[in-house]
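Below is one structure, written out as structure tokens; the observations come after it.
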Amino acid sequence: MEAMMNRESRWMKLFRESFVPVIIVILGIFLMLLYVRFRAEYDADKVTAIEIKPMEAAFPEQGTVVAAIDSEAIVSNGSDPVRQRADVLIAQGKWKDAEQLYLNILASKRSSRVLNDLGALYLKKGDVSRALDYFNQATDINPDDTSSIFFKALALSRSGHNSEAMESYRTLLARQPGHFEGQYNLGVLLIREGDNEGGAVALEKAVSLASGKHKAQALYSLGLVRSKLNQLPKAASAFEAAISLLPGDPGPRMALAKLEPDTAEGQTSALEQYRRILELKPNYSPALVGMASILSAQHKRREAEQALRQAIQYEPEYSRAHSALGLLLLSEKRWQDARDQFEWMLQRDPANAEVYFNLGRIAYGEKDFDRAVSEYQNALKMQSGDYPEALLNLGLTYSAKKDSAAALKSYEAALKLRRQYPEAWYNIGMLHLSQKRDDLAEKAFHNAVRLRPDYEQAWFNLGVVYGNTNREKDAMEAYRKALSIRPEYHQAQLNLAVRYAKRKEYKEAIRLYQAILERDMTYSLAWFNLGNAFIENNQPAEAVTALHKAAALEPDNTKIMRFLGRALLLDKKDSESVQVLENALVADPADARLRLELARALFHTGRLADARAELKKARQLDPALSGVDEEIRKIEGL
1 MEAMMNRESR
11 WMKLFRESFV
21 PVIIVILGIF
31 LMLLYVRFRA
41 EYDADKVTAI
51 EIKPMEAAFP
61 EQGTVVAAID
71 SEAIVSNGSD
81 PVRQRADVLI
91 AQGKWKDAEQ
101 LYLNILASKR
111 SSRVLNDLGA
121 LYLKKGDVSR
131 ALDYFNQATD
141 INPDDTSSIF
151 FKALALSRSG
161 HNSEAMESYR
171 TLLARQPGHF
181 EGQYNLGVLL
191 IREGDNEGGA
201 VALEKAVSLA
211 SGKHKAQALY
221 SLGLVRSKLN
231 QLPKAASAFE
241 AAISLLPGDP
251 GPRMALAKLE
261 PDTAEGQTSA
271 LEQYRRILEL
281 KPNYSPALVG
291 MASILSAQHK
301 RREAEQALRQ
311 AIQYEPEYSR
321 AHSALGLLLL
331 SEKRWQDARD
341 QFEWMLQRDP
351 ANAEVYFNLG
361 RIAYGEKDFD
371 RAVSEYQNAL
381 KMQSGDYPEA
391 LLNLGLTYSA
401 KKDSAAALKS
411 YEAALKLRRQ
421 YPEAWYNIGM
431 LHLSQKRDDL
441 AEKAFHNAVR
451 LRPDYEQAWF
461 NLGVVYGNTN
471 REKDAMEAYR
481 KALSIRPEYH
491 QAQLNLAVRY
501 AKRKEYKEAI
511 RLYQAILERD
521 MTYSLAWFNL
531 GNAFIENNQP
541 AEAVTALHKA
551 AALEPDNTKI
561 MRFLGRALLL
571 DKKDSESVQV
581 LENALVADPA
591 DARLRLELAR
601 ALFHTGRLAD
611 ARAELKKARQ
621 LDPALSGVDE
631 EIRKIEGL
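As numbered in the working numbering, residues 1 to 638 make up the sequence shown, in order.
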């Protein structure tokens, strides 16, 4: 339950891309468009794979708000030697002997104080039902006994009767307004019941009633609930006040570090806070895990791994460190090392759905799709089917297995659990797009952007759908929208350039291709399309340069070599064109288009017989190939 609550907490942003939180699976799928020579590509982020990094499993806040005041110190046995003896027996774990002493006292005189002591004994033993019975007897004898009222409230809370417990705390506070423990625990229960505002008010009162350690504890809890309410300055103030009272307590410092914004400056401040904690408490595992989250976000993976392994070394059973390390190793595709961490967790918690989920991700990464299906199904079983992220990734796995019907069924099941789930709609859209069902894909992508207007991949693929259905203006607008969200979105910029090239607006297409290449000189498709645009814009020398770049990045790509041969021919470099095309034919002798292009180059060098031979072979390989007859007429016309 704590993991589920934490999944919704604001701290998730610390995972966002450092973990990372929601991750995208990269699947390169190129869309071969029907127009001449220019290629647009499907979004490289083909399908959204959800990566769950719940706070409990990775970099958690310390000191979740709980009813922490359980103080038997509130019960004083004063100078009563018999009751003092009972205290000693309790301390020694001799429950029956202590109980008998109390029962002997009750046999002579029923006393609310002794009944309260018996209730406290059973509460400490964990027998909440019997404890509650004794507290009820005590309050029946003396309704004004604040000690019995307090412990009755505590027992009610532990038995899950929160409403009755809160009523008892209010009764206690009506009789004794300065009762710190009652005020504090009332605030905790209000928060537990979802009344964060009411809980904050109660904790403010608790702070005013306490001093020293208790005040620091109340301030810390107040800071946590202020964080839940997104009252970040007030939360920071509460944490700082707690630190001033207890400088060596790591909890408020941990919480303060997590308030830092997810910016370079915020990460630096948080790291300083974690290092301060480690100075005060060396090898404190939660601080090491928190530090690792930031180092990972800064792409300092080795340092992050070192911090996590240090945490495990000094606290081998700290499951959060194992989980965080597993996620880090998974992100680096170190599949077996990651599996070791999650299987360690599974041995200690066989019903942990998040562990099965991540084991599914590992199996998917290894392309062991049957095992991935099994792990995701285990995760769903642990959650009684209520796990939309697992259903989403299960759909992705079925898609990889080419089982489109099962994939669609999984995505739709995820939508039943979470109606506003843009990632599920996106994956449905990608499924339909891959099967050329453009109308259904369009509807799905529209649903995705309706739910999440800044979903750039969905806008991109809407552009692909519009292009497929000859709606050029809409396609260009969709690509522009994707770029407005993510300016460095290369695929969107490339496809927008393709649309300009198709409209014969080569100058703008060239500008866009060059802008892409300024950021990524290794993008071979951009070099290829730039070369084609230069060819169409009658700039053969520039085309040769661009296509040489593309060929250097993909030396085995005969299509690039074919267009390079054409550019060289246009640039009056006939012999070099022949050489490039002949080399390409060695790699792919069955390519009719290569032979046609080579025939043109041979014609320009005067090798007419060789040109005729290549045209004949091209005709044999592809009888319907356009351009062969034209080249034959040129030769025969000499």
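Think of the CB as a built atom: it goes at the ideal place given N, C-alpha and C, for glycine as much as any other residue. As the structure is a computational prediction, the values presented were derived from the model and not from experiment.
Around the beta-carbon of D349, fewer than 16 other beta-carbon atoms lie within 10 Å, marking it exposed. As the crow flies, the alpha-carbon of S410 is around 20 Å from that of V449.
Distance between S237 and P252, taken at the CA atoms: about 10 Å. At the C-beta level, E354 and A363 stay beyond 7 Å of one another. Boundaries of the alpha helix (DSSP H) harbouring Q491: 490-502, taken from the DSSP string. Secondary structure at M521: coil, using DSSP grouped into helix, strand and coil.
Here A174 is exposed. Its C-beta has fewer than 16 other C-beta atoms within 10 Å.
For G463, the enclosing alpha helix (DSSP H) starts and ends at 456-468.
By the neighbour-count definition (other C-beta atoms within 10 Å, threshold 16), D386 is an exposed residue. Taking a C-beta distance under 7 Å as the contact criterion, A311 and S285 qualify as a contact pair. Contact annotation, A618 with R633: C-beta distance approximately 15 Å; criterion of less than 8 Å not satisfied.
T263 carries a coil assignment under DSSP once its states are collapsed to helix, strand and coil. Nearest Cα to Q313 within the set V289, A400, Y220: V289.
A residue is called buried when at least 16 other Cβ atoms come within 10 angstroms of its Cβ; K402 does not meet this threshold and is exposed. Assignment of alpha helix (DSSP H) within the segment 186-226, counting only whole runs of 4 or more residues, yields 196-209 in chain order. Cα atoms of D556 and M382: separation of roughly 49 Å, rounded to the nearest angstrom. The beta-carbon distance between D610 and L602, rounded to whole angstroms, is 5 Å. This is short enough to meet the 8 Å contact definition.
Counting along the chain, L598 sits inside the alpha helix (DSSP H) bounded by residues 592-604.
Per DSSP, L229 is not a residue of any alpha helix (DSSP H), being assigned neither H nor E. Note on geometry: alpha-carbon atoms of V465 and L433 lie some 7 Å from one another. Under the three-state reduction of DSSP output, H179 falls in the coil class, being neither helix nor strand. With at least 16 other beta carbons inside 10 angstroms of its own, D249 counts as buried.
Going by beta carbons, A567 and V586 fall outside the 7 Å limit. Positions of the alpha helix (DSSP H) runs, each at least 4 residues long and wholly inside the segment 302-337, are given as 319-331 in order along the chain. Membership of K481 in the alpha helix (DSSP H) is indicated by the continuous run 472-485.
Secondary structure of G251 (DSSP, three-state): helix. With respect to T139, Q176 sits apart: the two C-beta atoms are not nearer than 7 Å.
L209 and N185 have their C-alpha atoms spaced approximately 13 Å apart. For the pair G365 and A324, the Cα-to-Cα distance works out to about 18 Å.
CA-CA distance, L417 to S157, rounds to 31 Å. A424 and L415 do touch by the CB rule: their CB atoms are close to 5 Å apart, below 8 Å. In this structure, the straight-line span from the alpha carbon of G429 to that of A379 is close to 25 Å. The C-beta distance from F460 to A492 rounds to 5 Å, short enough to fall under 8 Å. Between P422 and L451, the CB-CB gap stays under 7 Å.
By the Cβ neighbour-count rule, T171 is buried, with 16 or more other Cβ atoms within 10 Å of its own.
By a beta-carbon distance limit of 8 Å, N529 does not contact A482. Their separation comes to about 18 Å.
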